[in-house]
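Presented below is the structure to which this report refers.
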Amino acid sequence: MADHNESQLNSTPYFDPEKHPKDTLKAFTQFVICFELRYDAQYPDPPKVSLDAALERWKIQNTTAEDRDPKPNILQYDTVRNAWRSRDRVAKLLGMFTSNRFYADWLITEPDEQIRKDIDWDDFLTKMRRFYKGSDNETVQNFHFRDISQEPDETFPGFCNKVKREAKHCAFKCDSPTFTAESTAIRDQIIIGTSNNNIREEALLRDWNLTYLCQKGMAMESAARGGIEIADTGACVSVCGTSQAKRWNLLDKLVSSKVRIKPYMSNPISVHGTAICSVTFGSISVPVEWQVISGFCEPILSGDKALQLGIINFSPKAEIFFPIHSIDKTTDDVSKISLQKILTHYPENFTGLGKLRHHQVKLHFDVNVKPVNVPPRPVAYHLKECVHCAIDEMIKQDVIEEHPSNQPAPWISCAVITPKPSGEI
């Protein structure tokens with residue numbers, strides 16, 4: 001039991017300023033990213049009791065003489081819910097995910113108890129970042145930034161993201177409205193620190209900007225690597241091996257899992273554990289739950305996450321104009337193409353309900369045959385409304401005509417109600 005609790009503690013984001021005396025702000029920023037992902041996954045909605053109390057408080061504040069029982073609309077409901085979650089984030093971070101030293105820093109940052117009680121998440125982060133910014137040495141941060149280089153097993157997009165992340169802790173400024181010092185510094189450091197000489201030579205030769213450098217560099221690396229890392233559009237889950245998870249610092253965040261992955265035409269694979277981290281492509285970041293399997297496995301990003309990141313795009317399937325029901329099952333491909341050309345060339349003749357207009361057909365029957373009185377078939381109660389709607393629709397389309405109810409009909413045909421799989425009759 002103790003080992004289980006310890007493993008849960010190790011997989012939980014936790015921040016202690018005493019463990020990061022030299023880069024407190026940087027460590028706090030990275031911790032906040034992990035905490036926000038964990039909070040959104042673990043506490044997606046407020047408890048019903050807490051939400052009801054917040055709504056009751058809103059009603060009291062908005063009760064007037066004209067409206068004794070106000071009801072919140074959707075926008076007001078979301079505002080109350082988000083305000084509760086914003087304050088709850090602060091409470092859970094202080095009570096469950098940080099050390100006593102961090103709480104002491106919070107008391108110094110905001111000595112007013114009432115403000116501490118009512119503060120929301122964004123204001124809380126602003127105050128703490130301002131407090132820890134004084135502990136950072138700008139020269140040291142710039143030195144570390146200039147010392148970044150691409151690791152041997154690090155991908156080019158991963159290296160670009162690392163440089164961008166480190167640049168946020170530096171103070172790159174420029175007064176020119178058309179010149180961005182931060183993007184230029186990031187671009188230069190990527191060119192200097194990359195281990196791919198081909199990317200460096202092309203970037204220097206063609207003077208790529210930051211966006212073009214990231215896009216072209218990733219394409220050149222992927223072409224040289226031969227597609228080792230895969231974005232699988234058919235994969236339902238994102239998978240990586242323990243060796244890759246170790247490089248991503250995910251092993252300490254693993255949560256035990258009983259999931260078994262079934263590859264196509266292969267035996268099921270047991271999952272070592274699951275971990276959530278943020279994956280960035282370009283300017284888009286999404287949280288991805290990785291299924292970590294034992295041993296070596298190149299990371300495979302699931303299709304839906306690759307679509308969210310913009311790595312892949314599905315072209316919409318062209319609509320085929322085929323408004324008729326074909327019963328010829330032996331039609332070959334050539335005949336289908338010819339039929340398709342006819343349908344698309346004369347669409348006005350194949351639109352709407354097909355029938356022979358301006359021509360009355362007389363049904364011939366033997367008048368000497370004695371009519372048989374057949375009682376009408378009963379219609380199930382739950383289908384009566386559908387039957388009335390279907391009859392009204394056929395009358396509207398001029399498929400049938402309504403016969404006067406006070407006049408006899410020469411003949412009738414009992415209706416047979418047959419429900420279709422789609423729910424129609």
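Residue numbering for the sequence shown follows my numbering, starting at 1 and increasing by one per position. Note that beta-carbon positions come from the ideal geometry of N, C-alpha and C, so glycine has one too.
| Asked | Found |
| --- | --- |
| Which of helix, strand or coil DSSP assigns to Trp248 | coil |
| Spatial distance of Thr418 from Ala380 (CA atoms) | 11 Å |
| Selected residue, minimal CA-CA separation from Arg146, among Phe365, Trp58, Ala185 | Ala185 |
| Collapsed DSSP secondary structure at Ser422 in the structure displayed | coil |
| Alpha carbon of Asn161 to alpha carbon of Ser183, nearest angstrom | 12 Å |
| Cα-Cα separation, Gly158 to Glu221 | 12 Å |
| Near the ligand FMN: Leu309 beta-carbon under 8 Å from a heavy atom | The ligand FMN is not among the ligands present in this structure, which contains no ligands whatsoever. |
| Run of the beta strand (DSSP E) containing Val379, from where it starts to where it stops | No beta strand (DSSP E) contains Val379, which DSSP labels as neither H nor E. |
| Buried versus exposed, by CB contacts within 10 Å (16 or more), Ile228 | At Ile228 the pLDDT is 41, less than 50, meaning the model places this residue with poor confidence; the figure from the coordinates comes in the next sentence. Exposed. |
| Range of the contiguous alpha helix (DSSP H) that encloses Trp58 | 48-62 |
| Residue interval of the beta strand (DSSP E) (run including Thr274) | 273-281 |
| Boundaries of the alpha helix (DSSP H) in which Ile108 is found, first to last residue | 100-109 |
| For Phe172, three-class secondary structure by DSSP | coil |
| DSSP-derived helix/strand/coil call for Ala231 | The predicted position of Ala231 is uncertain, since its pLDDT is 47 and thus under 50; no value can be drawn from it. |
| Enclosing alpha helix (DSSP H) for Cys160 [first to last residue] | 156-167 |
| Proximity of Trp290 and Ala245 at Cβ, strictly below 9 Å | yes |
| Under the three-state DSSP convention, the category Val80 falls into | helix |
| Among Lys164, Val288, Pro347, Asp16, the one whose alpha carbon lies nearest that of Ala104 | Asp16 |
| Residue range of the beta strand (DSSP E) that includes Cys240 | 238-241 |
| Nearest residue (CA-CA) to Ala390, options Ile425, Leu55, His382 | Ile425 |
| Local conformation of Trp121 per DSSP, three classes | helix |
| Extent of the continuous alpha helix (DSSP H) run through Ile391 | 384-396 |
| As assigned by DSSP and simplified to three states, the class of Thr184 | helix |
| DSSP state of Ile269 mapped onto helix, strand, coil | strand |
| Cβ-based burial, Asp3 [other Cβ within 10 Å; buried from 16] | At Asp3, the pLDDT of 43 sits below 50, so the modelled position is not reliable; the number obtained from the coordinates is stated separately. Exposed, because fewer than 16 other Cβ atoms sit within 10 Å of the Cβ of Asp3. |
| Proximity winner among Lys258, Leu251, Pro410, His144, relative to Asp23 (alpha-carbon distances) | His144 |
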